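Visitor: In UniProt numbering, the protein residues as written are 1 to 93.
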Amino acid sequence: MLIRIITERKNVRWVCGLMGEFFPSFTVYKATGFWMGKREKSLVIEIDLFDNSDHLFDANIKMIVKKICGFNRQQSVLVQKIESKSELLGGNC
């Protein structure tokens, strides 16, 4: 499963530090989004769960979102749960 969190691009270092407290591996990239007709700078965070065995995963995501909303003074953060199949391929593939 791939989890995508889309938030305002504010306090990026703090957000990345927060993510690192919960997940050892994740991807972050800048984007431009529109909310209520207004353009805004966005931050996209992706976490790939290679095995869906982490029963604390949903609780961690909710805690992260709550902290981001509080620190960045946002009403909400978009979270997408995307069914996917991922595999790591080595250099000799």
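Using N, Cα and C, we set each Cβ at its ideal position, and we do this for glycine too. Note that the structure is predicted; figures quoted are calculated from it, not measured.
Any idea what DSSP makes of Lys62, helix, strand or coil?
Guide: DSSP places Lys62 in helix when its eight states are reduced to three.
Visitor: Could you have a look at Gly90 and say whether DSSP puts it in helix, strand or coil?
Guide: DSSP places Gly90 in coil when its eight states are reduced to three.
Visitor: With DSSP collapsed to three states, give me the class of Gly33.
Guide: Strand, per DSSP.
Visitor: Quick one: is Ile82 buried, meaning 16 or more other Cβ sit within 10 Å of its Cβ, or exposed?
Guide: Classification of Ile82: exposed, given that the 10 Å Cβ count is below 16.
Visitor: Which residues bound the alpha helix (DSSP H) around Arg13?
Guide: Unbroken alpha helix (DSSP H) run through Arg13: 12-22.
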